[in-house]
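Student:
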Amino acid sequence: MTQVRTQRSRYLAFSAILFGLFTVVADHGSIIIALPSIANHFESDLPTTQWVSIGYVLAISITLLPMGRLADLVGRKPVYVTGFIVFAITGVMAGFAPSILTLIAVSTLHGLGAGMTQGTAMAMVVATFPQSERGKVLGIYMGVVGAGSVFGPAAAGMVIGALGWPWAFFGVSVLGLISMVLTIAFVESGRPSHEEARPFRFDWVGAALVAGTLIAFLQAMTWAPDLGYGSAYIILALAAAASLGAGFVAWELRSSHPLLDLRLFGNRIFRVGVVSSFIHFIGTTSAWFLMPFYLQVVLRYTPGEVGLMTAISYVAMMIVGPISGRLSDRLGRRLFTVGGLLFTTAGILTLSTLKSDSHVAIAIAGMIMQSVGIGAFNPPNNGAILGAVANEEHAVISGFLNLVRNSASVTSVAIATAVVTITMGTMGYPPSLAAVSAEGSAGLLDAFVTGLRYAYWLMAAMLIVGVVFTFAGTSPDFGLRRGKRPLAVRRSD
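If you want it as structure tokens, here you go:
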């Protein structure tokens, strides 16, 4: 694919893609913020209302790999633009939904559109710039993710308060249409060149198997904290996920045109990067999930104050990401991947010292340290992974990286919630975060904080494993080996 373009056209294309990225990241936070208002409007219970968000996340997850592969086959821009068309139309439909069941169905379709954009955005960014600038642009990419995570929910809260929950969907639909127009105007076609073109052979069986695996696994991880890991439903879901996952691996190893060529894991840079990313997200996501409970219920800060504290930590990520990416292009990536993991571990260990009467500065310091680590780790690690594969595989690998993040995040929340609730149960209190939200007795809150510390110790231990694994598996010039061709996947015609 021809990548010769002026600096101005590069940054116009980059800005268009980043605007779309911001829109999709902000959208998920907006949906979560809207859930209480949606429940009140339709008079639906919380488990039912949660499916507005669960269906959205499931749809994104099962779409990432297939749409990434499709984008590599037919071109990234067509898939990306189509994703925003679906995203915008379903956003409007969601705002006019007459019932909670209709809203759940439309929100799931909304997630399909979002997944089509997420599976291609990073690949489009990488294709816009030369390899020497990859770390820098992925750092900026990470900063925009942080910005969307902060400003999306904040803006949604104000819009919902003034106009009602439908306008959260209407608003992102407008942003989606703008993203589509900007992409059409400034981003090159992204269609494979004559040299890169391949016969259209899509792995439908692999797509079905990975979708089934993810649905079963994510369902198990979502409901395990409430139902318990010993419940029949969770056991069956995990068994189904394991069986379908084994089937997916067996099929992909035999297929001449796999959805995800598993031989890529034979490349050390790719293997170390993916495993490190999975460990990193397992170790960090639960902190963002549990901290609002601690800050609001234990320390009694308002939701607005908690949002401001979270925003401060995300700003740290936004600042560090581009710096880490730029420097890693020149100094090598191990310094920043290992250093980022160490910073994240230090942040989690700081949070593990929290008590019921701790000063809020400790919590803020821990969150900022964690954010610095995330910002330092992700850009160089993702850049190394993408640099280890052929250009024509970038979209499916971008989708795979998002899938790794989603799966690890759900797993992290499930594990941490289980640790906290089991601790509360063994101390004689209801094993439920709902009991914490109801602002129970001082003893119950002490039990929650004890479980919180145990969960953070466990996450810190996982991150330490990640530090050792990443350091041992990489060289100082990790991901920057000059003259070594990426692992191109040989496909049968």
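Each residue of the sequence shown is one higher than the one before, counting from 7 in this note's numbering. For each residue, glycine too, the CB sits at the ideal point set by N, CA and C. Bear in mind the structure is a predicted one, so any value in this text is a computation, not a measurement.
#1: Compare the beta carbon distance of GLY149 and GLY405 with 8 Å and say whether it is the shorter of the two.
#2: Are the beta-carbon atoms of GLY182 and GLY81 separated by less than 8 Å?
#3: How is VAL278 classed by DSSP in three states: helix, strand or coil?
#4: Could you tell me which whole alpha helix (DSSP H) segments of length 4 or greater appear in the segment 352-395?
#5: Output the distance between the C-alpha atoms of VAL455 and MET73, rounded to the nearest integer angstrom.
#6: For LEU266 and VAL402, which I take to be in contact (beta-carbon distance under 8 Å), what is that distance rounded to the nearest angstrom?
#7: Kindly list the residues whose CB is nearer than 7 Å to the CB of GLY479, restricted to its own chain and excluding five residues on each side of it in sequence; keep chain order.
#8: Can you name, in chain order, every residue of its own chain whose Cβ lies under 6 Å from the Cβ of LEU41, other than the five neighbours on each side?
#9: For the alpha helix (DSSP H) that ASP335 lies in, which residues bound it at each end?
#10: Among the candidates GLY372, HIS365, THR351 and ASP363, whose CA atom is the shortest distance from the CA of PHE383?
#11: Leaving out the 5 sequence neighbours to the left and right, which residues in its chain are closer than 7 Å to GLY212 when beta-carbon positions are compared?
#12: What first and last residue would you give for the alpha helix (DSSP H) that runs through LEU458?
#13: Smallest Cα separation from THR343: which of GLY145, VAL63 and LEU24?
#14: Pull up the CB-CB distance for LEU347 and LEU469, whole angstroms please, since I reckon it's below 8 Å.
#15: Would PRO231 and ALA424 be called neighbours here (beta carbons separated by less than 8 Å)?
#16: Buried or exposed, going by whether 16 or more other CB atoms sit within 10 Å of the CB of PRO437?
#17: Give the secondary structure of GLN56 by DSSP, where H, G and I count as helix, E and B as strand, and everything else as coil.
#18: What residue ranges within the segment 229-274 form continuous alpha helix (DSSP H) runs of no fewer than 4 residues, ordered along the chain?
#19: If you run the structure through DSSP and keep just helix, strand and coil, what is ARG82?
#20: Ends of the alpha helix (DSSP H) at GLN124?
#21: Do ARG354 and ALA466 have their CB atoms nearer than 8 Å?
#22: Would the beta-carbon of ILE68 fall within 8 Å of that of ILE221?
#23: Which residue marks the beginning of the alpha helix (DSSP H) containing TRP173, and which one marks its end?
#24: At the level of alpha carbons, what is the spacing between THR427 and GLY26?
#25: Anyone know if the C-beta pair for SER283 and ASN387 falls short of 8 Å?
#26: Using DSSP with H/G/I as helix, E/B as strand and the rest coil, what is VAL344?
#27: Under 8 Å by Cβ, that's how I've got MET186 and VAL87 pegged, so tell me the actual separation to the nearest angstrom.
#28: Which residues mark the beginning and the end of the alpha helix (DSSP H) in which LEU169 is found?
#29: Between the C-alpha atoms of ILE106 and ASN46, what's the straight-line distance to the nearest angstrom?
#30: Is DSSP giving ASP33 helix, strand or coil here?
#31: Rounded to whole angstroms, what's the CA-CA distance from LEU407 to ALA32? Just pull it up for me.
#32: What distance in whole Å lies between the Cβ atoms of MET122 and VAL178, which are believed to be in contact at a cut-off of 8 Å?
#33: Please report the straight-line C-alpha distance between GLY161 and ASP363, rounded to a whole angstrom.
#34: Where do the N-terminal and C-terminal ends of the alpha helix (DSSP H) with ARG411 fall, by residue?
#35: For the structure I just gave you, are there three or more beta carbon pairs, one from the segment 286-302 and one from the segment 364-379, closer than 8 Å?
#36: Could you check the C-alpha separation between ALA420 and VAL473 for me, to the nearest Å?
Tutor: From the atom records:
#1: no
#2: no
#3: helix
#4: 366-393
#5: 42 Å
#6: 6 Å
#7: ARG274 and VAL278
#8: THR55
#9: 309-337
#10: THR351
#11: PHE254, TRP257, GLU258, SER261, PRO264 and LEU265
#12: 448-479
#13: GLY145
#14: 6 Å
#15: yes
#16: buried
#17: coil
#18: 238-260
#19: helix
#20: 106-134
#21: Correcting the residue identity first, residue 354 is Ile in this sequence and not Arg. In contact: ILE354 and ALA466 (Cβ atoms closer than 8 Å).
#22: yes
#23: 172-192
#24: 38 Å
#25: yes
#26: helix
#27: 6 Å
#28: 140-169
#29: 11 Å
#30: helix
#31: 19 Å
#32: In fact, because the Cβ distance is near 15 Å, the residues do not count as touching under 8 Å.
#33: Here residue 161 turns out to be Ala, not Gly, going by the sequence shown. So the two alpha carbons sit approximately 32 Å from each other.
#34: 400-432
#35: yes
#36: 22 Å
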